[in-house]
Amino acid sequence: MPGPHGLVIIDKPAGITSHDAVRRLRKVAKTRRVGHAGTLDPMATGVLILGLGRATRLLGHLALTNKDYTATIRLGQSTV
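According to the working numbering, the sequence shown is numbered sequentially starting from 32.
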């Protein structure tokens, strides 16, 4: 099967979705066969594992069920 194959590890910045990261990699790698192992919330930063080509089959075998979030809050203020 032609095209790139493998895992890509990215440090996802806040403000983009996991699907945005997949879409960007599809464009750069010039392939439609890209997937991700687990979803990070759009406002979260962190490690996101992407699979290309045949490596997308490996994504289901990765045990990425736990997520830890660290947050800073400011009491007495509103975002509205």
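Cβ atoms here follow ideal geometry from the backbone N, Cα and C, with glycine treated the same way.
* Does the beta-carbon distance from histidine 36 to leucine 83 come in below 7 Å? -> yes
Excluding the 5 residues flanking valine 39 on each side, which residues of the same chain have their C-beta closer than 6 Å to its C-beta?
Leu81
Using a Cβ-Cβ cutoff of less than 6 Å, which residues in the same chain neighbour proline 73 once the five nearest sequence positions on both sides are dropped?
Thr48
Collapsed DSSP secondary structure at valine 111 in the structure displayed | coil
*Reducing DSSP to helix, strand and coil, say where alanine 45 ends up.*
coil
Exercise. Might you give, ordered along the chain, the residues of its own chain that have their beta carbon closer than 8 Å to the beta carbon of alanine 52, omitting 5 neighbours on each side?
Key: Within the same chain, alanine 52 has close Cβ partners Ile41, Lys43, His67, Leu79 and Leu81.
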